[in-house]
Amino acid sequence: MRTITVLLTKYSDWISTLVYYIGGQGYTHASLSLDEDENTYYSFNYRGFCVETLEKHRHRGVKKSLSYQLSVSDETYEEMKKSIGQFKSHRTEYQYTRIGVAFCALRIPFKWKKHYFCSQFVAEMLAASGAVKLKNKPQLYLPNHFTRELRESSQLLSTHYNLV
1 MRTITVLLTK
11 YSDWISTLVY
21 YIGGQGYTHA
31 SLSLDEDENT
41 YYSFNYRGFC
51 VETLEKHRHR
61 GVKKSLSYQL
71 SVSDETYEEM
81 KKSIGQFKSH
91 RTEYQYTRIG
101 VAFCALRIPF
111 KWKKHYFCSQ
121 FVAEMLAASG
131 AVKLKNKPQL
141 YLPNHFTREL
151 RESSQLLSTH
161 YNLV
């Protein structure tokens, strides 16, 4: 068995402020880490696919965070690692989608090839690998939408507040 971590954070830029109000007034960004390097997180931001660290989050002024550590099978872990490797190898082909966030807020599933927003990326990684059986399509997840499903997941190992 291996461990993955879903990190939810609250930023204060204008897009994050919008997500804060339409998404339940909690967290505004989601990212994913594999247990090989617990300080490295993968996500999407306005520049596209990104690799983040806890120090980068602290530097950007994140003061509120919540992480969920989940136990996954070796097979599931390797599937996630392979998918993330594809994103890393082809990172210039992927872009952030503000339109996707807008459709998500309206609860309309909208998928645009090679365009993601942070929580859509995390949801897709969780669903496609089989790590967590999600109730909705990945395009319908804002960061706060993870809290109930991950808290109720049988794979949940631990929850940590203010990790960043």
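In the UniProt record's numbering, the protein residues as written are 1 to 164. For each residue, glycine too, the CB sits at the ideal point set by N, CA and C.
In the three-state reduction of the DSSP assignment, residue 43 falls in the strand class, which pools E and B. Rounded to whole angstroms, the Cβ separation of residue 46 and residue 32 is 18 Å, and the two are not in contact under 8 Å.
With respect to the C-alpha of residue 39, the residue from 29, 4, 123, 71 having the closest C-alpha is 4. Sequence-distant Cβ neighbours of residue 101 in its own chain, meaning closer than 6 Å and more than five residues away, are 117. Using a Cβ distance threshold of 7 Å, residue 144 and residue 26 count as a contacting pair.
The residue among 74, 11, 160, 148 with its C-alpha nearest the C-alpha of residue 58 is 11. Per DSSP, residue 142 is not a residue of any beta strand (DSSP E), being assigned neither H nor E.
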